[in-house]
Amino acid sequence: MKLAVIVGSTRPNRQTLKQAKWVVNNAKLIDGIEAELVDLADYPMPFFDEPMSPRYNPNREIDPAVQKWLTALNGFEAYVFVTPEYNHSITAVLKNSLDYVTTELNRKPSAIVSHGSVGGARAAVALREILAESRSVVIPNVVAFLGLMDGVDDDGNASEAVKANPYGPEAALKGTLSELKWYSDALTKARTQDS
Ligand SMILES: Cc1cc2nc3c(=O)[nH]c(=O)nc-3n(C[C@H](O)[C@H](O)[C@H](O)COP(=O)(O)O)c2cc1C
Numbered sequence: 006m007k008l009a010v011i012v013g014s015t016r017p018n019r020q021t022l023k024q025a026k027w028v029v030n031n032a033k034l035i036d037g038i039e040a041e042l043v044d045l046a047d048y049p050m051p052f053f054d055e056p057m058s059p060r061y062n063p064n065r066e067i068d069p070a071v072q073k074w075l076t077a078l079n080g081f082e083a084y085v086f087v088t089p090e091y092n093h094s095i096t097a098v099l100k101n102s103l104d105y106v107t108t109e110l111n112r113k114p115s116a117i118v119s120h121g122s123v124g125g126a127r128a129a130v131a132l133r134e135i136l137a138e139s140r141s142v143v144i145p146n147v148v149a150f151l152g153l154m155d156g157v158d159d160d161g162n163a164s165e166a167v168k169a170n171p172y173g174p175e176a177a178l179k180g181t182l183s184e185l186k187w188y189s190d191a192l193t194k195a196r197t198q199d200s
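Written as structure tokens, this is what we have:
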């Protein structure tokens with residue numbers, strides 16, 4: 006499974022970067038997962054300003070910066086969106102990046118990993134709806150890290166306390182990644198049979 010782990014915030018000193026590294030580190034422990042960090046900070050794009058909904062625009066002219074993002078997104082079979090909660094929703098930069106999507110996520114699975122004072126739960130709920138409209142198959146599992154990412158270091162390694170908690174976020178993450186792989190294998194096979 007070719008997995009993109011998408012960093013959903015771009016500000017300096019962001020917590021989301023280490024949470025995304027934590028996802029990549031855990032993904033690399035699972036056989037058959039090829040995980041890559043995809044940082045929105047590396048894909049600066051204008052605020053969405055196309056004259057029509059991209060999905061219904063046969064004459065779409067795509068900004069080169071946006072095309073770079075869409076091409077990168079298209080190259081993966083599965084996605085983990087790592088998001089903080091900003092004002093009870095996802096970041097503007099993540100929403101903007103998804104407003105450009107047409108077929109890139111079609112019939113491919115995604116999982117949501119969030120953090121915040123209530124685990125980023127409200128952002129995760131909002132993102133689930135957005136990804137559904139983006140035609141991704143959002144899997145049922147969630148990983149919600151309560152508060153800031155104090156239990157994870159800058160390289161994405163969880164503390165011993167986080168690791169030892171059988172009901173904690175790392176246990177949830179491992180289960181989510183295994184489940185994502187199941188969906189990815191099933192959907193990749195189905196998409197191949199279709200074509
Ligand atoms: C503009 C802004 C709005 C925020 N709103 C919320 C919020 O609604 N709920 C919450 O739990 N945390 C909120 N926070 C706290 C963030 O979840 C926390 O700062 C987190 O580290 C942000 O992710 P980042 O460090 O990757 O930017 C907000 C932070 C910012 C900067």
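Per this note's numbering, the sequence shown starts with residue 6, numbered consecutively.
Every residue gets a Cβ at the ideal spot worked out from N, C-alpha and C, and that includes glycine.
Contact under 8 angstroms by Cβ, residue i with residue j
{"i": "Asp102", "j": "Val143", "result": "Asp is not the amino acid found at residue 102; the sequence shown has Ser there. It is not a contact, given that the beta carbons lie outside the stated cut-off."}
{"i": "Val98", "j": "Val28", "result": "no"}
{"i": "Phe81", "j": "Ala9", "result": "yes"}
{"i": "Asp68", "j": "Pro49", "result": "no"}
{"i": "Thr96", "j": "Ile117", "result": "no"}
{"i": "Gly156", "j": "Val167", "result": "yes"}
{"i": "Gly125", "j": "Ala163", "result": "no"}
{"i": "Lys73", "j": "Glu39", "result": "no"}
{"i": "Lys179", "j": "Asn31", "result": "yes"}
{"i": "Lys33", "j": "Asp160", "result": "no"}
{"i": "Arg112", "j": "Arg133", "result": "no"}
{"i": "Thr21", "j": "Ala46", "result": "no"}
{"i": "Ala137", "j": "Ser94", "result": "no"}
{"i": "Asp158", "j": "Lys23", "result": "yes"}
{"i": "Glu41", "j": "Leu75", "result": "no"}
Buried/exposed call for residue i, threshold 16 Cβ in 10 Å
{"i": "His120", "result": "buried"}
{"i": "Gly13", "result": "buried"}
{"i": "Met154", "result": "buried"}
{"i": "Leu78", "result": "buried"}
{"i": "Thr197", "result": "exposed"}
{"i": "Glu165", "result": "exposed"}
{"i": "Tyr91", "result": "buried"}
{"i": "Glu175", "result": "buried"}
{"i": "Tyr105", "result": "buried"}
{"i": "Lys194", "result": "exposed"}
{"i": "Ser189", "result": "buried"}
{"i": "Ala83", "result": "buried"}
Per DSSP, the bridge partner or partners of residue i
{"i": "Val71", "result": "The partner list for Val71 (beta bridge, DSSP) is empty, contrary to what the question assumes."}
{"i": "Ile117", "result": "Phe86, Val147"}
{"i": "Ala40", "result": "Leu8"}
{"i": "Val106", "result": "Note: Val106 sits in no beta bridge, so no partner."}
{"i": "Tyr91", "result": "Ser94"}
{"i": "Val142", "result": "Pro114"}
{"i": "Gly152", "result": "Gly121"}
{"i": "Ala32", "result": "Answer is none; Ala32 lacks a bridge partner."}
{"i": "Val157", "result": "Ala163"}
Any non-hydrogen atom of ligand 2 closer than 7 angstroms to residue i Cβ
{"i": "Ser122", "result": "Within the structure as shown, ligand 2 is missing, the only ligands being ligand 1."}
Min CB distance residue i to chain B below 8 angstroms
{"i": "Asp68", "result": "Considering every chain present, this structure includes no chain B. It has just one protein chain."}
TODO: Would you check if the region 182-195 and the region 51-64 touch, i.e. whether three or more CB-CB distances between them fall below 8 angstroms?
DONE: Short answer: they don't touch.
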